[in-house]
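*Asks:* The structure that follows is given in the form of structure tokens.
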Amino acid sequence: MKLKFTKMHGAGNDFVVLDGVRQRIDLSGEQLRWLADRRFGIGADQILVVEHPNAVGADFKYRIFNADGIEVEQCGNGARCVAKFVHAAGLTRKCPITVEGQKGLITLQMQDNGTVAVNMGAPVFEAARAPFDTDGLQSCSVAADALWPLQVNGKNVWISVVSMGNPHAVQTVDGIDHAPVCADGAAIEAHPRFAERINAGFMQIISRTEIRLRVYERGAGETLACGSGACAAAVTAIRRGLTDSPVTVQMRGGALTVAWNGAHVQLSGPAVTVFEGEIAIPLAASSPMNSS
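Going from the sequence shown to the numbering used here is simple: count from 1 and add 684.
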């Protein structure tokens, strides 16, 4: 089976984008993992599939699959790449466009400076919506935010739980460069209190207008950038009274800008096409590293 694809990235968070409007896309979890494999496939943090919409008012639908082949709800960097992709592919001339995701509709706007702005919707702070099991835990209030204690690798860390269409656990750290992102991020992602797993954000406050952030993503590990994670961290910092809106979020792959008016969150940043191609996908696609 041959598929045309486009390799893209948003601040280093990279994607394989597939046109499901003009070609049929029906890939197994094994094939998706093979595509995302950096040694045996194309390599990506996520696979994005653009399709005809189901929802009234939507121009397109997009589906997001993490590198582990599991479909997830939201991806801010991926959404920006979708906006650039559908315009570059000649699928639309509209601007802005409305895209259907697993959690509803989002609006994407191409900017004159080449960046893309995404209306990410309203953040959700109810822990149960993550879902996060708070049974037996007592939260601590910091300004308008609620921090929850979580046992991670033998120590207590305090996290804010926020959903941007997908769940995030955000903690502050003194120095981002030496934060235990891989060890603690993996433990938080798979913590039994998060029934659907979670993205773990490690945030360092730089000033009233700037933070640094690293994110350990569900099903992908640490990525160079995470758009929804940037939104979750920024609104957390604003709720704690540590920053003002808009916030520049410095990540290892580049900078994103997050603005929050108390209702909807806007994410702005780059969307870059790296290359295009066609790949033959084996019917039983399994790399030696994933084989038993």
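Every residue gets a Cβ at the ideal spot worked out from N, C-alpha and C, and that includes glycine. Predicted model, so just to flag it, every value in this text is computed and none were measured.
Can you tell me whether R708 is buried or exposed? The criterion is at least 16 other CB atoms within 10 Å of its CB, across all chains shown.
*Replies:* Exposed, because fewer than 16 other Cβ atoms sit within 10 Å of the Cβ of R708.
*Asks:* Quickly, what does DSSP pair H981 with across the bridge? List them, please.
*Replies:* Look at the range of the chain in this structure, 685 to 976, and you will see that residue 981 is not part of it.
*Asks:* By DSSP, does A742 sit in helix, in strand, or in coil?
*Replies:* In this structure, A742 counts as coil in the three-state DSSP scheme.
*Asks:* Report the residue from I890, G913, S891, A904 whose alpha carbon sits nearest the alpha carbon of R898.
*Replies:* The candidate whose alpha carbon is nearest that of R898 is G913.
*Asks:* For D743, collect the residues of the same chain with a Cβ closer than 7 Å to its Cβ; drop the 5 residues on either side in sequence, then sort them by chain order.
*Replies:* Same-chain partners within the cutoff: P737, T776, K778, I781, T782, V783.
*Asks:* If you reduce the DSSP assignment to three classes, tell me which class F724 lands in.
*Replies:* Reduced to three states, the DSSP call for F724 is coil.
*Asks:* Do you know offhand how far R764's Cα is from A801's?
*Replies:* Going from the Cα of R764 to the Cα of A801 covers about 7 Å.
*Asks:* With a CB to CB cut of under 7 Å and the five nearest residues on each side skipped, what residues in its chain are close to N850?
*Replies:* Cβ within range, chain order: V756, E757, Q758, N883, S912.
*Asks:* According to DSSP, is E638 helix, strand or coil?
*Replies:* With the chain covering 685 to 976 only, the question about residue 638 has no answer from this structure.
*Asks:* Please determine, among T941, I922, A904, the residue with the shortest C-alpha to C-alpha distance to D752.
*Replies:* Ranking T941, I922, A904 by Cα distance to D752 puts A904 first.
*Asks:* Per DSSP, what kind of secondary structure is A904 in: helix, strand or coil?
*Replies:* Reduced to three states, the DSSP call for A904 is coil.
*Asks:* Whole angstroms are fine: how far does the CA of L732 sit from the CA of N974?
*Replies:* The predicted position of N974 is uncertain, since its pLDDT is 48 and thus under 50; no value can be drawn from it.
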